[in-house]
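S.K.: Take a look at the following structure, please.
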Amino acid sequence: MKKKMILFTLVLILVIISAFCILNFSSTARDINHAVNRPGSVPVNIIYEQKGSKGSMVFCISSGVEGLFTAAVKENMFGYRLAYWVAQGDIKITIDKVGLTESYFPNINKITPPMFYGIVGNPEIKRVKIIEKKRNIEAEAKIVDANGYRLWLINMENFQGSQFDIIGLSDDDKEISHRHDNISPLTVEQKPTKM
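full-length UniProt numbering puts the first residue of the sequence shown at 1, with every later residue one more than the last.
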């Protein structure tokens, strides 16, 4: 009787582990491109990937209307899973009007740090500076070439509050673009969002 109970317990544990593996495997994609291009979603092209310890922050441009999609993609032993995403509509309108776009991405499950990012469309803008209103702290964003787009991004872990100025500067520090952003009710120092 004791052997049957041990055998039954082992079989039950094996079935539970198998079900867990099958469910996790079926909800993941084999690569990041498939994770962000799920069936039924707007097709996007990845222009830049910012790797982290538990996954990646992926920047994509949609086909047709030029929208900027940003996603937190978690990587595990089964593949890649889309944890969170944010979309900016037609970026061309904003770029034509202001010279650059901006958006905030919160800390998601510690996959990505809190970040401000956007596309620089005005060729006169060579630097992007962020100023925190709460303590008047400023830092310069990194600008990267992302498949023909100039993507700016900055890790916001050292910032506080919800109000920021985003300034596009020329080589000689001439202000080309100045935007005010308020991410309220969010704050950059809040705990990671769990997805």
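The beta carbon of each residue, even a glycine, is placed where N, CA and C say it ideally should be.
Which residue spans inside the segment 162 to 193 form an unbroken alpha helix (DSSP H) run of at least 4?
M.R.: Segments of the alpha helix (DSSP H) lying fully in the segment 162 to 193: there are none.
S.K.: Tell me the DSSP bridge mates of T112?
M.R.: I108, per the DSSP bridge assignment.
S.K.: Please list the terminal residues of the continuous beta strand (DSSP E) segment that includes N45.
M.R.: First-last of the beta strand (DSSP E) with N45: 44 to 51.
S.K.: Is the beta carbon of I183 less than 8 Å from the beta carbon of S170?
M.R.: Contact: no.
S.K.: Name the DSSP bridge partner or partners of G67?
M.R.: Its beta-bridge partners are D90.
S.K.: The alpha helix (DSSP H) spanning N158 covers which residue range?
M.R.: Careful: N158 lies outside any alpha helix (DSSP H) and carries neither H nor E.
S.K.: I need the straight-line Cα distance from V115 to N107, nearest angstrom please.
M.R.: The question names Val, but residue 115 in the sequence shown is Met. Roughly 8 Å separates the two Cα atoms.
S.K.: Label E132 either buried or exposed according to how many other C-beta atoms from any shown protein chain fall within 10 Å of its C-beta, with 16 as the threshold for buried.
M.R.: The residue is buried, with at least 16 neighbouring Cβ atoms inside 10 Å.
S.K.: According to the neighbour-count rule (16 or more other Cβ atoms, all chains shown, within 10 Å of its Cβ), is P113 buried or exposed?
M.R.: Burial call: buried.
S.K.: Helix, strand or coil for I125 per DSSP?
M.R.: Three-state DSSP puts I125 in coil, outside helix and strand.
S.K.: In the DSSP assignment, the alpha helix (DSSP H) including A35 goes from what residue to what residue?
M.R.: Unbroken alpha helix (DSSP H) run through A35: 32 to 36.
S.K.: Can you give me the C-alpha to C-alpha distance between F25 and K97, rounded to a whole angstrom?
M.R.: In this predicted model, F25 has a pLDDT of only 45, less than 50, meaning its place in the structure is not dependable; the value taken from the coordinates is given anyway. So the two alpha carbons sit approximately 45 Å from each other.
S.K.: In terms of DSSP beta bridges, what is V120 paired with?
M.R.: Its beta-bridge partners are L100, R150.
S.K.: Candidates G52, K74, D90: which alpha carbon is nearest R30's?
M.R.: Nearest option by C-alpha distance: K74.
S.K.: Is the separation between the beta-carbon of N147 and that of I47 shorter than 8 Å?
M.R.: Closer than 8 Å, so yes.
S.K.: Using alpha carbons as the reference points, say which of G40, T187, D90 lies closest to I119.
M.R.: That would be D90, whose Cα lies nearest to the Cα of I119.
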